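Quick note on numbering: the sequence shown equals residues -20 to -1, 1 to 131 in mature numbering (1 follows the signal peptide of the UniProt record, and there is no 0).
Beneath this line is the structure, given in structure tokens, with notes to follow.
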Amino acid sequence: MNYFRLTTVFLLLATFTSFAQSQSAIEILGYNHVGLYVKNLPESAKFYREIIGLKPVDVPDNLVAIRRWFQIAPNQQLHLLLGRNEPVTNNDKNGGHFSLTIPKNSADKIEAFLKEKGLPYVRQKRFDGAFQIYVTDPDGYVIELNEPKVE
């Protein structure tokens, strides 16, 4: 499934979540995991561990050659799935991406870290004063690092 389809599925899920909850058909408590199809599992795992700072989660022995899992937040994970053969498309900050919350007032420190690592990024101030930093993983998935809303 390409990234555009994955993004479309997430958008449809978000759109229908409130409808489904109001109809009492399906109760959604949060999301369990996001799965990303990757070309080079060790390289992608290193990026999410060492650059994004996610904590690895144990993968069953029968899946360790083709999967890596990471903790995003309590009961929320990122799953890397080996097997990407085509480039990620629609990979810009205004297109398909996913967003992770970073601590308040941490954008300067993160920007310095990304510069030190030689990684390209885009930093912008959101309409409410919070900063967003966009960085791309080895496969081309765009990740938004998003400060909380300025109060």
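Virtual Cβ for every residue (Gly too), placed ideally from N, Cα, C.
Here the structure is a predicted model, which is why all the values come from computation and not from measurement.
Straight across, the Cα-Cα distance linking K89 with G98 is about 14 Å.
Under the DSSP definition of a beta bridge, E124 partners with S79 and Y114. Under the 8 Å Cβ criterion, the segment 9 to 24 counts as touching the segment 56 to 67, having at least three qualifying pairs. In the three-state DSSP reduction, K73 falls in the coil class, being neither helix nor strand.
Here R103 carries a strand assignment [DSSP, helix/strand/coil]. DSSP places P22 in the uninterrupted alpha helix (DSSP H) bounded by L21 to K26.
Boundaries of the alpha helix (DSSP H) around K97: A87 to K97. Spatial neighbours of G15 in its own chain (CB-CB distance under 6 Å, excluding positions within 5 residues in sequence) are listed in chain order as H59 and L61.
Taking a 10 Å sphere around the C-beta of R48, we find 16 or more other C-beta atoms and assign the residue as buried. Boundaries of the beta strand (DSSP E) around R47: R47 to A53.
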